[in-house]
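As you go down the protein sequences, you meet chains A and B in turn.
All residue numbers for the first sequence refer to numbering that gives the first Met the number 0, where the first residue is 0 and numbers rise by one.
All residue numbers for the second sequence refer to numbering that gives the first Met the number 0, where the first residue is 0 and numbers rise by one.
The C-beta atom is built at its ideal place from N, Cα and C for all residues, glycine as well.
Quick caveat: nothing in here was measured; it's all calculated off a predicted structure.
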Amino acid sequence: MGKHTPLYDAHRAAGARLVDFAGWEMPLHYGSQIDEHHAVRRRAGMFDVSHMAVVDILGTGARAWLRRLLANDVAKADAPGKAVYSCMLNPSGGVKDDLIVYHLGADHYRTVVNAATTAKDLAWMREQVGHGAVAIHHRDDLAIIAVQGPQARAIAGSVLPTGLAQAAAQLKAFQATADDDLLVGRTGYTGEDGYECILAGAAAQSLWQKLGDGGVIPCGLGARDTLRLEAGLNLYGQDMHEDSHPFESGLAWTVAWKPAEREFIGRQALSALREDHDRVLVGVLLEAKGIMRAGQTLHHPGAEGSGLLTSAGYAPTLERSIGLARVPRVWKNAGPRVDVDIRGQGRAARLVDYPFVRHGESRIAT
Amino acid sequence: MGEIPGELKFAKSHEWVDMGEGGTAVIGISDYAQAALGDLVFVELPEVGDALVAGDNVAVVESVKAASDIYAPLSGEVVEVNTQLADAPELVNEDCYGEGWLFKLAVSDEAGLDDLLDADAYEQLIAEED
Numbered sequence: 000m001g002k003h004t005p006l007y008d009a010h011r012a013a014g015a016r017l018v019d020f021a022g023w024e025m026p027l028h029y030g031s032q033i034d035e036h037h038a039v040r041r042r043a044g045m046f047d048v049s050h051m052a053v054v055d056i057l058g059t060g061a062r063a064w065l066r067r068l069l070a071n072d073v074a075k076a077d078a079p080g081k082a083v084y085s086c087m088l089n090p091s092g093g094v095k096d097d098l099i100v101y102h103l104g105a106d107h108y109r110t111v112v113n114a115a116t117t118a119k120d121l122a123w124m125r126e127q128v129g130h131g132a133v134a135i136h137h138r139d140d141l142a143i144i145a146v147q148g149p150q151a152r153a154i155a156g157s158v159l160p161t162g163l164a165q166a167a168a169q170l171k172a173f174q175a176t177a178d179d180d181l182l183v184g185r186t187g188y189t190g191e192d193g194y195e196c197i198l199a200g201a202a203a204q205s206l207w208q209k210l211g212d213g214g215v216i217p218c219g220l221g222a223r224d225t226l227r228l229e230a231g232l233n234l235y236g237q238d239m240h241e242d243s244h245p246f247e248s249g250l251a252w253t254v255a256w257k258p259a260e261r262e263f264i265g266r267q268a269l270s271a272l273r274e275d276h277d278r279v280l281v282g283v284l285l286e287a288k289g290i291m292r293a294g295q296t297l298h299h300p301g302a303e304g305s306g307l308l309t310s311a312g313y314a315p316t317l318e319r320s321i322g323l324a325r326v327p328r329v330w331k332n333a334g335p336r337v338d339v340d341i342r343g344q345g346r347a348a349r350l351v352d353y354p355f356v357r358h359g360e361s362r363i364a365t
Numbered sequence: 000m001g002e003i004p005g006e007l008k009f010a011k012s013h014e015w016v017d018m019g020e021g022g023t024a025v026i027g028i029s030d031y032a033q034a035a036l037g038d039l040v041f042v043e044l045p046e047v048g049d050a051l052v053a054g055d056n057v058a059v060v061e062s063v064k065a066a067s068d069i070y071a072p073l074s075g076e077v078v079e080v081n082t083q084l085a086d087a088p089e090l091v092n093e094d095c096y097g098e099g100w101l102f103k104l105a106v107s108d109e110a111g112l113d114d115l116l117d118a119d120a121y122e123q124l125i126a127e128e129d
């Protein structure tokens, strides 16, 4: 039996189909993951993502310490309330995890890391503690509820405490506001507008209930995955891992080279790879009917080498199969037409830019 | 989960068979199977005219999660396929014993029915699987 979040009873009461995810018993869906996907794109859905870990970094050395730890520069979060998305690299330039860092106060930063990598990340961070005056505090007393969709912020605003709701309404993307009990960030993993709320585990059920009463429907990990894939958002462990670097994972934009004097773990290895990497991550759209799956290979009629789907599946908003694939860099100039090996048969597909869906609308010519 | 229709026969791999009077069987997958698969997004059916041998892998149903093989519960020739499923694979989830049927077979070997489970035996099988 896996670990339970504070919302476990609510999931069971709602008829969730529960599955193991990184040692947690989580809702895959509550009946239909396709219906849940559409609810997020059209109205509002909520996700219990309390299995992800909140790790606070405290102390006068926090900023400097994080500037060394992370490939993106937390100095960009130059005022309380700002947040940054970053990779955490190993010394070879491979990706240990991707995470969000919130600047909460002078000596207080908050990171949110993946569930599958929590133990690894904490061990790594503790190993790096000697490099600064910091305390690392794993906040396993906190829960996280993501509310996403075109109506998400309006409904959430109607159930949050007034002062917080007003402050949240003013947030720009990737900004957060907090009172003593609740952090609200205008962030998400679906490609839709919305909030991610971090709060005491003991308060989670009440917020979940109020959001539900306000018309937000519960959504599980199944919908979470189809939504993020359409939005072109990476999933750690699939689209990148310790043996892949940011340039071949669609994450070059998350690496902050300036200022040149900022030493960060992996910088040296990455500098060598910056011009000299031979693979890139691209979007793939299956032309025919059928479904692509992660792990299937691609070939190009006009270029050498092979590609590999890192994430793939059915996209409910597009009603097509899409994927992300790591392919030879030269393919980008060889024409978009490729073949995907689906259970022994080559099927026609084409390389496309991603995100595939934005603001609820398809961005590709289907 | 609803009632298992009493007149059907079942394979251990969760296909159901509705054996008709004229030697034609309608074949689909059970409610237990469709619930386990989740939302179906693609169904690949055999072609009309295909000769099937009981136990052959003859069709594929794809859900958001995974592809699942469908096995012929009986031997025979495919006489009709459910063309509605091309545009509406979710019919299998919504009405697996009715509108969500997969294909029809002119059965060449009715004795094969004896190797299948009746509704009670199938109900026991899935109770054990849970």
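Taking C-alpha atoms, which residue in A:Gln-267, A:Arg-362, A:Gly-282 and A:Arg-328 lies nearest to Ser-91 of chain A?
It is A:Gln-267.
At the 8 Å Cβ level, is Thr-316 of chain A part of the contact set with chain B, yes or no?
Not closer than 8 Å to any Cβ of chain B, the Cβ of Thr-316 of chain A fails to qualify, so no.
What number of angstroms, rounded off, separates the C-alpha of Ile-363 of chain A from the C-alpha of Leu-73 of chain B?
Rounded to whole angstroms, Ile-363 of chain A to Leu-73 of chain B spans 44 Å at the Cα level.
In this structure, what does DSSP give as the bridge partners for Tyr-121 of chain B?
In the DSSP output, where bridge partners are listed per residue, Tyr-121 of chain B has none listed.
Count the C-beta pairs between the stretch 286-305 of chain A and the stretch 334-349 of chain A that are closer than 8 Å, then say yes if the count reaches three, no if not.
Yes: at least three Cβ pairs fall under 8 Å.
Segments of 4+ residues assigned as alpha helix (DSSP H) that fall wholly inside the stretch 22-96 of chain A
Fully enclosed alpha helix (DSSP H) runs of 4 or longer: 32-41 and 61-68.
Alpha carbon to alpha carbon, how far is Leu-323 of chain A from Trp-403 of chain A? Give it in angstroms, no decimals.
The displayed coordinates of chain A run from 0 to 365. Any statement about residue 403 of chain A would go beyond what the structure contains.
Count the other CB atoms within 10 Å of the CB of Arg-40 of chain A; is the residue buried (16 or more) or exposed (fewer)?
With 16 or more Cβ atoms within 10 Å of its Cβ, Arg-40 of chain A is classed as buried.
Under a three-way DSSP split, which group does Met-0 of chain B fall into?
Here the model assigns Met-0 of chain B a pLDDT of 48, short of 50, so the residue's position is not dependable, and the following value carries that caveat. In the structure shown, Met-0 of chain B sits in coil (DSSP, three-state: anything other than H, G, I, E or B).
Sort B:Pro-4, B:Val-59, B:Tyr-31 and B:Glu-2 by Cα distance to Pro-88 of chain B and report the nearest one.
Ranking B:Pro-4, B:Val-59, B:Tyr-31 and B:Glu-2 by Cα distance to Pro-88 of chain B puts B:Val-59 first.
Starting from Ala-271 of chain A, trace the alpha helix (DSSP H) both ways and give me its first and last residue.
Boundaries of the alpha helix (DSSP H) around Ala-271 of chain A: 266-274.
Cβ-Cβ separation, Lys-8 of chain B to Asp-117 of chain B (assumed contact under 8 Å), whole Å
Asp-117 of chain B to Lys-8 of chain B, Cβ: 6 Å. Contact.
Starting from the Cα of Glu-14 of chain B, find the closest Cα among B:Asp-38, B:Gly-22 and B:Tyr-31 and give me that residue.
When the alpha-carbon of Glu-14 of chain B is set against those of B:Asp-38, B:Gly-22 and B:Tyr-31, the nearest one is in B:Tyr-31.
Cβ-based contacts, 8 Å cut-off: residues of the stretch 76-89 of chain B near chain A:
Residues passing the 8 Å Cβ filter: Ala-85 and Glu-89.
Shortest alpha-carbon distance to Phe-102 of chain B belongs to which of B:Ser-62, B:Ala-71, B:Gly-37 and B:Phe-41?
Closest by C-alpha distance to Phe-102 of chain B, out of B:Ser-62, B:Ala-71, B:Gly-37 and B:Phe-41, is B:Ala-71.
Residue(s) in a DSSP beta bridge with Thr-23 of chain B
For Thr-23 of chain B, which the question treats as bridged, DSSP gives the partners B:Ala-105.
Is the stretch 151-164 of chain A touching the stretch 189-196 of chain A in the sense that three or more CB pairs, one from each, lie closer than 8 Å?
Yes: at least three Cβ pairs fall under 8 Å.
Touch check for the stretch 82-91 of chain A and the stretch 140-154 of chain A: three-plus C-beta pairs under 8 Å?
Three or more beta-carbon pairs separated by less than 8 Å are not found between the stretch 82-91 of chain A and the stretch 140-154 of chain A, which leaves the two stretches without contact.
Asp-38 of chain B touches chain A at which residues, Cβ-Cβ below 7 Å?
By Cβ distance, chain A contributes Ser-31, Gln-32 and Ile-33.
Pull up the distance between the alpha-carbon of Ala-110 of chain B and that of Glu-76 of chain B, whole angstroms please.
Their Cα atoms are separated by approximately 16 Å.
Taking 8 Å as the limit between beta carbons, can you name the residues of its chain near Asp-38 of chain B, skipping five residues before and five after?
Within the same chain, and ignoring the five residues on either side of Asp-38 of chain B in sequence, the residues whose Cβ sits closer than 8 Å to its Cβ are Ser-62, Val-63, Glu-89 and Asn-92.
How many angstroms separate the CA atom of Trp-123 of chain A from the CA atom of Ala-21 of chain A?
Approximately 18 Å between the Cα atoms of the pair.
Supposed close pair Ala-63 of chain A, Pro-245 of chain A - CB separation, criterion 8 Å
With 8 Å as the limit, Ala-63 of chain A and Pro-245 of chain A do not qualify as a contact, their Cβ atoms being about 22 Å apart.
Please name the residue in B:Asp-17, B:Gly-48, B:Ile-125 and B:Ala-10 whose C-alpha comes closest to that of Glu-79 of chain B.
Glu-79 of chain B has its Cα closest to that of B:Gly-48, out of B:Asp-17, B:Gly-48, B:Ile-125 and B:Ala-10.
First and last residue of the beta strand (DSSP E) that includes Thr-309 of chain A?
Per DSSP, Thr-309 of chain A is one residue of the beta strand (DSSP E) stretching across 302-314.
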